[in-house]
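4 protein chains.
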Amino acid sequence: MIKVGIIGGAGYTAGELLRILLNHPQAEVTFVQSSSNAGNLISDVHVDLLGETDIEFTEELPFSKVDVIFLCMGHGKSKEFMETNQLPDSLKVIDLSHDFRLKRKGNDFVYGLPELNREEIKVAKNIANPGCFATGIQLALLPLAAEGLLKNGVHIQAITGSTGAGQKPTETSHFSWRNNNLSAYKIMEHQHEGEILQSLKQLQPSFANDFNFVPIRGNHTRGIFVAAYTRFDGSEEEAKKIYQDFYNEHPFVFVSHENPGMKQVVNTNKGVIYLEKHNNKLVIISLTDNLIKGASGQAVQNMNLMFGLDERTGLNLKPVAF
Amino acid sequence: MIKVGIIGGAGYTAGELLRILLNHPQAEVTFVQSSSNAGNLISDVHVDLLGETDIEFTEELPFSKVDVIFLCMGHGKSKEFMETNQLPDSLKVIDLSHDFRLKRKGNDFVYGLPELNREEIKVAKNIANPGCFATGIQLALLPLAAEGLLKNGVHIQAITGSTGAGQKPTETSHFSWRNNNLSAYKIMEHQHEGEILQSLKQLQPSFANDFNFVPIRGNHTRGIFVAAYTRFDGSEEEAKKIYQDFYNEHPFVFVSHENPGMKQVVNTNKGVIYLEKHNNKLVIISLTDNLIKGASGQAVQNMNLMFGLDERTGLNLKPVAF
Amino acid sequence: MIKVGIIGGAGYTAGELLRILLNHPQAEVTFVQSSSNAGNLISDVHVDLLGETDIEFTEELPFSKVDVIFLCMGHGKSKEFMETNQLPDSLKVIDLSHDFRLKRKGNDFVYGLPELNREEIKVAKNIANPGCFATGIQLALLPLAAEGLLKNGVHIQAITGSTGAGQKPTETSHFSWRNNNLSAYKIMEHQHEGEILQSLKQLQPSFANDFNFVPIRGNHTRGIFVAAYTRFDGSEEEAKKIYQDFYNEHPFVFVSHENPGMKQVVNTNKGVIYLEKHNNKLVIISLTDNLIKGASGQAVQNMNLMFGLDERTGLNLKPVAF
Amino acid sequence: MIKVGIIGGAGYTAGELLRILLNHPQAEVTFVQSSSNAGNLISDVHVDLLGETDIEFTEELPFSKVDVIFLCMGHGKSKEFMETNQLPDSLKVIDLSHDFRLKRKGNDFVYGLPELNREEIKVAKNIANPGCFATGIQLALLPLAAEGLLKNGVHIQAITGSTGAGQKPTETSHFSWRNNNLSAYKIMEHQHEGEILQSLKQLQPSFANDFNFVPIRGNHTRGIFVAAYTRFDGSEEEAKKIYQDFYNEHPFVFVSHENPGMKQVVNTNKGVIYLEKHNNKLVIISLTDNLIKGASGQAVQNMNLMFGLDERTGLNLKPVAF
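If you read the protein sequences in the order shown, they are chains G, X, C and P. Per the UniProt record's numbering: the first sequence ends with 322, consecutive numbering throughout. Per the UniProt record's numbering: the second sequence ends with 322, consecutive numbering throughout. Per the UniProt record's numbering: the third sequence ends with 322, consecutive numbering throughout. Per the UniProt record's numbering: the fourth sequence ends with 322, consecutive numbering throughout.
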């Protein structure tokens, strides 16, 4: 059994981790740290866990009792955590923030997108788990980059659910405002662009293309919808073959032959890809659940790889479907 | 032209008042007070008013320039306002809080439900505008009370939209929580019970019946859905006649011969009533928009009555329908 | 391995069964019959199953190859099926329609509510799986009936999601109509009343009380919200003890000490109960997912009991939470 | 008073026309034709009109009694209607289908986008009312085209509400499917491209640019959200000036200085435009209500122009805001 600690246990991504790990056949949640909720039952915060667990949040950090910790604190906090805590050499770390996603001197975290870096993840000590938009967009583009086929401008329309913005109530997460509403934000300057471009260049070092991304706040709770397009000179069939070959050995990403709806991946760790060729453009639809494949599910997928398990262990999740 | 001042202009009910009054053919918004937003454009807070008005919020209270003020501050604040401000004798006041709804010594506010108190409203100086749940529930029960026919227990299921809880973001107004969700609150102890019972006793002084009301938070923004039932010994046709006769002279309340959906009253000042008799029970469906007939529209209806206008002036609002 | 056949495989309840059974460690889906979809991939109809299964719908009914069949056809069709097909003696049947829920001469189906009939279910050949409203309402009332404490009128407010009405598009399931809408239907005459009363009388034979139920169409996809109340002379603590004792040995029903939101049971087989005492009334909130505990999850729970498995096998489902 | 006839009165656009025209101070609905609903009360089909009108649908077509007819039948039906009916010379026609939007020999309909063709509309006999996506997208691009500034590829992300697909229930308008869902359709081949390109070329005859449009089905009922971008060499301030100057004399289109949410135009005839410059791209957000500015409101705006009224007559609609 892999012994797990969770740091920052009261937020959305920690809740999803718990929902997954409590049923994971090879993992055991040893402690869940939360400074704001220490002493409270986990099921009083993540109320759907009523009856699933009697664990309480703790302020303690018993690193020696666990094999891996997941960092689920806000962005910026993980860096601080790593600097102020002396972790045992044997302890693996999976960080869900953006603090360690970009390569730079002294950063020994492996970027944890299994469809890009599976072999490195297997032997990594520390993982920087990708962002939600970043995951959905990379799944749309990596097969082309792997073939060096990102030749011109890349255009991304991507819509996110409200859970992507976390649990702190804000004006744009107010039900009265958001219900039946749509709005753009961080236009052409979303913070996930850096990690996306880093990955595209990893596969296609020449990539320095025009990259356009207008993020949109959707009127739903879970799910990332991406419609990307770029120039592609081959046929639709050739495109499909490139994607199918690329994802053939990756158990969570599927190329659909029917035009899909976003909800079919909600509450799963899947990515669904759909392709159409029009004129000289290849249009790629990419669907993921921002909290699972875009966060906590992918974190567990990384844990599985790091500990030599089948990638899918504990991730055969029932889709919500409706 | 009726000159209008609004106190507490940044909240939901003030926004709705402005949306109505800016198109009211006989009213003119003279000032809109807001301490938190003084100096800002109204259309920067109520953004849908872009292009409709150039008025700014003010901290001033130029009472002498207006004929009527609407109090749109939080509950408790209206009482404080009336105590600390010396108002001109000629100035009429319409209070949207619950501060003056209950009769008590020294309270000279008339309870502003036109279907109950139209004649008193016409000559009132001060109006206590009813609560949203209170409006929907009273429209369901007043015709029976007027006939002295509330003989046994009264049972109310009523569901409110998120705008009923105001614009301050809270845990239960968070989109991620509320979307697709339902929950009960203030079970059997909602603060509107007092005004409802007061009105029922006004029409049927003997009323001291078992009154049961479980308020439910709905997964929608606007609208109050009420399903009430009570023992009724007559036929369904007799019930319909009682309701039709009662509402015949009230231009905003209609008895539907088809089972209605709540959304058909949204964005209007209407009440829609529907009746079915089963066994010895009369079931009454009552539909209203919590922000209009349940708040700001009714406040304008009261203003119209107080100033001798047709009740409907400025209230022929386009339903949103979808 | 339990070998399973599904009859009527294209509808919502069959889809949910498949989502559960494909991950069930002790069951194997042997065939899925659908006359309208024979020859099509299951994952082309239940599109979220892309990558989970390569099974196709069939027109065949190879009864001898399976241990149990689930009947997922429309109401009325199960009776017809049982009359026109000669089933092997050893074949167990779990029917999700209402055709066999009411006891009558010649009906050998056991009513499959484990919290009521667990021992009978364990030895049953045929099961009539309860209705969704019926499940939620019975979970709210059974503990009182078991104590003979349903003394007066019983009042039910219950709200259902759109999936309760099946997948055939209708006027009231049209998104443009239903979004942000609420409406009552089958007022005081819902078809589930019969099975509810049958169960209440099974536990409290004297029960002949005034039973009031106004079903409401909610603006959500999954979930049954029930708020029931009835006279109760004991204290809130006594009520809680009665419910906790009753559900203590039932692994899917939990008494919450916090006022819950419906969504916390969505995508699970759980029931969550919450109690408040006001004046002489006990108010009982009961939450279930209409497609799982109210249909396909309960059907699998029944299968587990019939085949000697732990009731929870394959039913540790990840809640969707948001 | 302008006397109005509506052909095809039972659908969504006819309902919206009625909601607007019943309160229009200078128009009078003389007849509403519907073959499927002849003899039924209008308020039994458009149920929110309960109490607003006692008109019944008719099968008659008393052309001589009206000054203008609105064609609200399905696409293809308007052409048939014009061919089979002999209309009085003085009768004006406003067609809401796409049948006459594209210029071709013998088509004497003026394309009814007032922001493009106001002077032609004023003297037109027949109007082809623009499509909903087409309206939102043209409002985003016309000011650039008017300056000849569409120099490179044009990229459109646009999301529509469910009412855009009409009232016939379909799989993708089923609440259970559509709620919380997103999907692309008619990728790069939406039928509105023709009218958009026609208008862009009208203003910038050289326009033959790469035009990219992936339409998305949104999880809301009303509203078109457009985020468009194209290369622009000037500054953000220069862009804002171009747009403000262009829309200065058009009373329904406003340039917002704050990043807007789509819902702020819902239930109004407004267009709201917002601009940001990033790198060498100008990003244009354009918001409209698909049923009003994108259909029936614009049709009334055209009627106002054709009959010499102020464009805004009857179109000061209360926004729903929430």
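Positions of the beta carbon are idealized from the N, C-alpha and C atoms, including for glycine.
With a threshold of 16 other beta carbon atoms within 10 Å, residue 95(G) meets it and is buried. Taking the Cα positions, residue 62(X) is about 15 Å away from residue 2(X). Nearest neighbour of residue 27(G) by Cα position, chosen from 76(G), 12(G), 204(G) and 66(G), turns out to be 66(G). At least one beta carbon of chain P lies nearer than 7 Å to the beta carbon of residue 256(X). Ranked by Cα distance from residue 207(P), the first of 254(P), 227(P), 249(P) and 145(P) is 145(P).
Identification of chain P residues near residue 176(G) by a Cβ-Cβ cut-off of 7 Å yields 322, ordered along the chain. Nearest in C-alpha terms to residue 115(X), of all of 23(X), 42(X), 175(X) and 249(X), is 249(X). For residue 221(G), the C-beta contacts it makes with chain X under 8 Å involve 175, 176, 179 and 180, in order along the chain. In this structure, DSSP gives residue 35(P) a state outside helix and strand, which the three-state scheme calls coil. Secondary structure at residue 230(C): strand, using DSSP grouped into helix, strand and coil. For residue 295(C), the nearest beta carbon of chain X is not closer than 7 Å to its own beta carbon. At a cut-off of 7 Å between beta carbons, residue 162(C) contacts chain P. Under the three-state reduction of DSSP output, residue 162(P) falls in the helix class. The beta-carbon of residue 303(X) is placed no less than 7 Å from the nearest beta-carbon of chain C. The C-beta of residue 86(G) has fewer than 16 other C-beta atoms within 10 Å across all chains shown, which makes the residue exposed. Per DSSP, residue 84(G) lies in no beta strand (DSSP E); the unbroken alpha helix (DSSP H) holding it starts and ends at 77-84.
Under the Cβ distance rule, residue 25(P) does not count among the residues neighbouring chain X, no pair being separated by less than 7 Å. A distance below 6 Å between beta-carbons, with the five flanking residues on each side excluded, links residue 211(G) to the following residues of its chain, in chain order: 154. Between the alpha carbons of residue 70(X) and residue 5(X) lies a gap of roughly 6 Å. Judged by DSSP secondary structure, residue 217(C) falls within the beta strand (DSSP E) whose first and last residues are 211-217. Between the beta-carbon of residue 320(G) and that of residue 255(G) there is about 22 Å, and that puts the pair past the 8 Å contact cut. With fewer than 16 other Cβ atoms inside 10 Å of its own Cβ, residue 257(P) counts as exposed.
Under the DSSP assignment, residue 70(X) falls in the beta strand (DSSP E) whose first and last residues are 68-71. DSSP places residue 281(P) in the uninterrupted beta strand (DSSP E) bounded by 281-288. In the displayed model, residue 48(X) falls within a helix according to three-state DSSP. By the neighbour-count criterion, in which a residue is buried when 16 or more other Cβ atoms sit within 10 angstroms of its Cβ, residue 90(G) is exposed.
The three-state reading of DSSP puts residue 55(C) in coil, since its state is none of H, G, I, E or B. Membership of residue 254(P) in the beta strand (DSSP E) is indicated by the continuous run 253-255. Identification of chain G residues near residue 171(X) by a Cβ-Cβ cut-off of 9 Å yields 167 and 169, ordered along the chain. The alpha carbon of residue 251(P) has as its nearest neighbour, out of 29(X), 48(X), 205(X) and 52(X), the alpha carbon of 52(X).
Under the three-state reduction of DSSP output, residue 60(P) falls in the coil class, being neither helix nor strand.
Under the three-state reduction of DSSP output, residue 272(X) falls in the strand class. The stretch 112-127 of chain P makes contact with the stretch 293-305 of chain P; the number of CB pairs closer than 8 Å reaches 3 or more. Chain-ordered, the chain X residues with CB closer than 7 Å to the CB of residue 19(P) read 318, 319 and 321. Just so you know, the alpha carbons of residue 197(P) and residue 219(X) end up roughly 41 Å apart.
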